[in-house]
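Enquirer:
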Amino acid sequence: MKRKLFLIIKANLLLLALTLMIDKSEAQSRASWGAPEVKVSHANGQWLIVGKKQQVTVKESDLALAIKAGSTSWSMVPSQPNDMIVKSNGKESDVRLADAKKKDFEYYDTGYKTGIKITLSAWGNLNLKLYLTVCLEEDSEDLVFDVAADEKQDLVRQLNWPTALDAAQVDCTLLSNVRGVLLPRNWPKPYHPIRAYEADGSIQKTDRSELQSNVIEDWCMSWWGFQKGKSAMMVIVETPNDAAYQFEHPAGGPTVIGPRWRPALGKLGYPRTARMCFIPEGNYVDMAKRYRSYVINTGLFVSLKDKIARKPIVKELIGTPIIRSGILTDYKSDGARWKRDSTTRHKLVSFDERAAEFKKYKEMGLKSLCVVLTGWPNKGYDRQHPDAMPPAPAAGGWEGMKRLAETCKELGYLFSLHDQYRDYYLDAPSFNKQFAIHAEEEGGKANVFPGTRFGDVKEGKIPYMDYWDGGKMAYLNGRFMLGHLNKNYQWLFKHDIHPQGNYLDVFGYVPPDEDFNPEHPSTRTDGLNDRIKCYNWSRNNLGFVGTETACDWTIPYVDFSSPLSAKNGITVPLWDLVYHDAILTPYNPDDLRGLLCGGMPQVSFRKGIDAQTIKLLDRISELNKRVALLEMTKHEFLDPNYRKERSTFADGTTVTVDWDKQTAVILPELASK
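Numbering follows the numbering used here, in which position 208 of the sequence shown is assigned residue number 208; successive positions increment by one, without gaps.
(1) Can you confirm whether the segment 552-571 touches the segment 175-193 when touching is taken to mean that 3 or more C-beta pairs between the two stretches lie within less than 8 Å?
(2) Thinking C-beta only, is ALA274 closer than 7 Å to PRO259?
(3) From the DSSP secondary-structure annotation, give me the bridge partner or partners of GLU636.
(4) Could you name the residues of the same chain whose beta carbon sits closer than 7 Å to that of VAL457, not counting the 5 residues immediately before and after it, in chain order?
(5) According to DSSP, is SER522 helix, strand or coil?
(6) Curious, which full-length beta strand (DSSP E) runs of at least 3 residues does the segment 89-113 contain?
(7) Mind checking who GLU459 pairs with in its DSSP beta bridge?
(8) Given this structure, state the Cα-to-Cα distance separating SER176 from ILE236, to the nearest angstrom.
(9) At 3 residues or longer, and completely inside the segment 154-241: list those beta strand (DSSP E) runs for me, N to C.
(10) Contact between the segment 352-369 and the segment 293-310 is defined here as three or more beta-carbon pairs at a separation below 8 Å; is this criterion met?
(11) Taking a contact to mean a Cβ-Cβ separation below 7 Å, would you say VAL156 touches PRO511 in this structure?
(12) If you pair each beta-carbon of the segment 147-155 with each one of the segment 266-273, do three or more pairs fall below 8 Å?
(13) I believe ILE296 touches MET287 by the beta-carbon criterion, under 8 Å. Please report the beta-carbon distance rounded to the nearest angstrom.
(14) Since SER325 is in the alpha helix (DSSP H), which residue starts that stretch and which ends it?
(15) List the residues that DSSP assigns as beta-bridge partners of ARG260.
(16) State whether the segment 578-592 contacts the segment 187-204, with contact taken as three or more CB pairs (one from each stretch) at a distance under 8 Å.
(17) Are LEU143 and MET233 close, meaning C-beta to C-beta below 7 Å?
(18) Applying the 10 Å Cβ sphere with the 16-neighbour rule, what's the burial state of GLN227?
(19) Counting beta carbon pairs with one atom in the segment 395-403 and one in the segment 411-429, are three or more of them shorter than 8 Å?
(20) To the nearest angstrom, how far is it from the Cα of TRP659 to the Cα of TYR509?
(21) Any contact between the segment 423-443 and the segment 373-390? By contact I mean 3 or more CB pairs, one from each, below 8 Å.
(22) Starting from the N-terminal side, write out each stretch of the beta strand (DSSP E) that is 3 residues or longer and does not extend beyond the segment 525-601.
(23) Determine the DSSP secondary structure at GLN46, reduced to helix, strand or coil.
(24) From this set, VAL86, PRO162, HIS42, which residue's C-alpha is nearest TYR108's C-alpha?
(25) What are the start and end residues of each continuous beta strand (DSSP E) run of 3 or more residues lying completely inside the segment 326-360, in chain order?
(26) Count the other CB atoms within 10 Å of the CB of VAL558; is the residue buried (16 or more) or exposed (fewer)?
(27) List the residues that DSSP assigns as beta-bridge partners of TRP74.
(28) Which stretch, first to last residue, makes up the alpha helix (DSSP H) that contains ASN82?
(29) Candidates GLU60, ASN89, ALA664: which alpha carbon is nearest ALA100's?
(30) What residue range does the alpha helix (DSSP H) around PHE724 cover?
(31) Check this for me: beta carbons of VAL627 and PHE649, under 7 Å apart or not?
(32) Can you give me the Cβ contacts of LEU600 inside the same chain, cut-off strictly under 6 Å, excluding the 5 residues immediately before and after it?
(33) Identify which residue in LEU492, LEU417, PHE507, HIS484 has its Cα closest to the Cα of GLY527.
(34) Strictly by DSSP, which residues pair up with GLU137?
(35) Within the same chain, show all residues whose beta-carbon is closer than 6 Å to that of TRP74, passing over the 5 residues directly before and after it, in chain order.
(36) List, from N- to C-terminal side, the beta strand (DSSP E) runs of 3 residues or more that fit wholly inside the segment 392-425.
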């Protein structure tokens with residue numbers, strides 16, 4: 001009996017040893033093929049995801065999430081009553097994620113990221129299921145959040161996941177709206193990224209604009225970040241086309257911000273991803289450089305060197321002043337602008353008069369110039385888009401425009417056109433409301449930017465706005481833009497007018513549109529792709545391409561873009577820290593920020609050109625020629641009041657700006673000092 005018991009114990013010990021050996025072998029094997037060294041455990045209603053650098057805790061009861069990254073703790077607020085908006089039986093209602101009657105938590109491992117999967121369902125009678133994953137990924141142990149939905153008749157109309165960061169202990173928030181804004185936790189003014197401000201600094205109550213991706217005032221890049229002591233954390237939105245962010249900053253702060261997912265044609269539709277990156281010791285420069293690495297790896301970054309290689313004329317833009325030069329302004333007499341701006345209703349400068357003006361600039365010593373001709377279409381600036389032809393008869397028509405183009409060529413000046421294919425004017429010869437974007441439903445308010453700011457109406461399912469020179473307009477569905485662009489330029493080519501580039505207005509500034517018309521439905525991603533087709537056609541058939549105040553989805557396709565300055569918060573050059581050597585940004589010659597950012601020169605159409613202006617243009621031009629193809633490697637504030645700052649470029653060039661003294665010191669010095 002004793003011997004039998006001994007043999008049983010021995011066998012069990014051998015089995016245990018064998019099991020341990022197998023476990024050890026499997027563990028060694030897992031490490032050998034590069035799997036994350038992350039452990040997942042569960043105890044006392046909490047899930048723990050532990051890596052070598054980060055430790056993540058998720059509470060089952062309220063989905064509260066906390067991260068210990070090195071010596072710094074970051075906490076997300078728990079599940080909130082407005083986590084999600086769901087449309088059911090034609091009505092929308094708020095839903096708290098943690099109120100799901102059925103919550104399933106389980107280990108989740110893809111082989112390259114490890115964590116947990118949360119499956120949520122059974123919110124009352126809703127026929128809806130959510131799948132959330134929380135994982136540590138790569139050696140850096142980024143915290144990656146994925147969300148997907150199984151939508152039947154009940155549809156996700158908005159989803160906040162992960163929840164917003166608890167900002168109580170955050171020193172400052174970094175926003176990529178405009179070109180980069182630093183917002184201290186206790187910033188004394190109310191802040192809203194997209195809504196306009198009154199003269200007293202309050203947020204304009206009539207502005208209904210919603211936070212959304214790919215509109216410059218919300219973000220020029222799909223990330224934001226936080227500083228806490230010496231540590232930093234940033235959120236990269238990896239699926240940006242139908243995204244936004246929760247945001248609140250009352251006077252005195254703090255700033256509350258977190259990812260928000262918007263519907264695509266009425267529902268969540270496809271998986272969404274946000275990535276948190278942790279920097280143990282760093283600041284906004286390190287965050288920008290982390291994002292630069294991300295966009296290089298994903299292909300969103302295309303350098304100016306590469307753009308010059310594919311289209312050599314782009315090199316001629318470097319150091320060349322840009323001028324927006326107008327031909328015809330003629331407000332539509334029954335439009336809102338006619339009533340609003342009575343002193344500027346009409347202005348005409350003929351094509352020949354502009355040609356004479358450019359000859360004068362050459363005589364004054366302006367060696368190079370890039371003309372962006374505005375107001376050249378039939379009825380003038382912002383009239384009858386997308387039907388631009390013929391060139392303004394009142395200004396000289398086809399022959400006058402041809403003479404102007406030839407004059408620019410003789411002077412060695414670049415000749416390009418300001419053009420527009422989103423605004424869809426009701427008096428355009430080709431206007432037909434079936435090609436205008438349609439909202440999902442009749443009734444209610446129009447919700448298309450910038451009509452949400454300037455005033456809009458909705459007739460049936462079609463949003464309209466009446467604000468610009470051309471009066472009442474709708475918005476053209478993107479799939480018809482390229483056809484109109486091709487039509488217009490082919491007509492120019494037939495008349496022997498060959499612009500060397502164009503500037504596609506609003507494309508880079510405003511968000512892409514959705515269209516619910518069943519004849520030509522369009523997602524926001526479709527809308528972006530339709531604009532990309534216009535950029536590509538322009539580059540292939542003209543030369544260089546510009547756009548208005550670009551977001552970074554335009555970077556692979558666009559060579560230059562107009563600047564935009566923040567009206568609130570502290571301006572930081574996040575855009576240039578990421579994209580300085582990928583796109584040119586023009587500045588007026590007396591704008592010190594143009595020197596700080598190594599921008600290209602721009603002639604102010606309000607001030608014109610004189611000898612002093614040419615001297616200022618020469619300075620910014622020479623600096624741009626030196627640094628345009630170089631990375632901005634560093635930026636720093638040199639005083640606690642943010643009134644003195646310095647940028648550094650890859651060749652060691654520094655630009656130090658003192659805003660109080662209105663000086664800029666460039667080292668090494670320029671020849672045209």
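Ideal Cβ positions, reconstructed from N, Cα and C, are used throughout, including at glycine.
Values in this document were obtained by computation on a predicted structure and should not be read as measured data.
Expert: Working from what's here:
(1) yes
(2) Here residue 259 corresponds to residue number 259 of the sequence shown, with the count starting at 1. Here residue 274 corresponds to residue number 274 of the sequence shown, with the count starting at 1. The answer is yes: Cβ separation under 7 Å.
(3) The residue given as residue 636 occupies position 636 in the sequence shown. Partner(s): ARG646.
(4) As a working note, residue 457 is residue 457 in the sequence shown. Excluding sequence neighbours, VAL457 sits near ALA446, TYR464.
(5) Taking the sequence shown and counting its residues from 1, the one referred to as residue 522 is at position 522. Here SER522 sits in strand by DSSP.
(6) 91-95, 102-109
(7) Translated into positions along the sequence shown, residue 459 becomes position 459. According to DSSP, which records beta bridges pairwise, GLU459 is partnered with ILE462.
(8) Numbered from its first residue, the sequence shown carries residue 176 at position 176. Numbered from its first residue, the sequence shown carries residue 236 at position 236. Going from the Cα of SER176 to the Cα of ILE236 covers about 11 Å.
(9) Secondary structure within the segment 154-241: the beta strand (DSSP E) runs of 3 or more consecutive residues, fully enclosed, are 155-159, 172-175, 181-184, 223-228, 231-237 (chain order).
(10) Touching, no.
(11) Position 156 of the sequence shown holds residue 156. Position 511 of the sequence shown holds residue 511. No, Cβ-Cβ distance for VAL156 and PRO511 is not below 7 Å.
(12) yes
(13) Position 296 of the sequence shown, counted from the start, is the residue given in the question as residue 296. Position 287 of the sequence shown, counted from the start, is the residue given in the question as residue 287. About 15 Å; that fails the 8 Å criterion.
(14) Locating residue 325 in the sequence shown gives position 325, where the first residue counts as 1. It is not in any alpha helix (DSSP H) - SER325 instead sits in the beta strand (DSSP E) that spans 322-326.
(15) Counted from its first residue, the sequence shown places residue 260 at position 260. In the DSSP output, where bridge partners are listed per residue, ARG260 has ALA244.
(16) no
(17) By one-based count along the sequence shown, residue 143 stands at place 143. By one-based count along the sequence shown, residue 233 stands at place 233. No; because the gap between Cβ atoms is not below 7 Å, this pair is not in contact.
(18) The count along the sequence shown starts at 1 and reaches residue 227 at position 227. The residue is buried, with at least 16 neighbouring Cβ atoms inside 10 Å.
(19) They do not touch, by the three-pair rule.
(20) By one-based count along the sequence shown, residue 659 stands at place 659. By one-based count along the sequence shown, residue 509 stands at place 509. Cα-Cα distance, rounded: 28 Å.
(21) yes
(22) 544-547
(23) Within the sequence shown, numbered from 1, the residue matching residue 46 stands at position 46. Strand at GLN46.
(24) Stepping through the sequence shown from its first residue, residue 108 is reached at position 108. Of the candidates VAL86, PRO162, HIS42, the one whose C-alpha sits nearest the C-alpha of TYR108 is HIS42.
(25) Fully enclosed beta strand (DSSP E) runs of no fewer than 3 residues occupy 328-330, 346-348 of the segment 326-360, in order along the chain.
(26) On the sequence shown, residue 558 is found 558 positions in, with the first residue counted as 1. Buried.
(27) As a working note, residue 74 is residue 74 in the sequence shown. In the DSSP output, where bridge partners are listed per residue, TRP74 has ILE67.
(28) Taking the sequence shown and counting its residues from 1, one reaches residue 82 at position 82. Where ASN82 is concerned, there is no enclosing alpha helix (DSSP H), because DSSP gives it neither an H nor an E.
(29) Against the sequence shown, residue 100 aligns to sequence position 100. Minimum Cα distance to ALA100 is reached at GLU60.
(30) Outside the shown range of the chain, which is 1 to 673, sits residue 724, and nothing can be said about it.
(31) As a first step, residue 627 must be located in the sequence shown, where it is residue number 627. As a first step, residue 649 must be located in the sequence shown, where it is residue number 649. Contact: yes.
(32) Within the sequence shown, residue 600 is the residue found at index 600, counting from 1. Checking the sequence, you will find Met at residue 600 rather than Leu. Once the five neighbours on either side are set aside, the close Cβ partners of MET600 are LEU584, PRO586, ASN624.
(33) Locating residue 527 in the sequence shown gives position 527, counting from the first residue. GLY527 has its Cα closest to that of PHE507, out of LEU492, LEU417, PHE507, HIS484.
(34) Taking the first residue of the sequence shown as position 1, residue 137 is located at position 137. DSSP output for GLU137 lists LYS113, ASP142 as bridge partner(s).
(35) Your numbering for residue 74 matches position 74 in the sequence shown. ILE67, MET233, listed in sequence order.
(36) 414-419, 423-425
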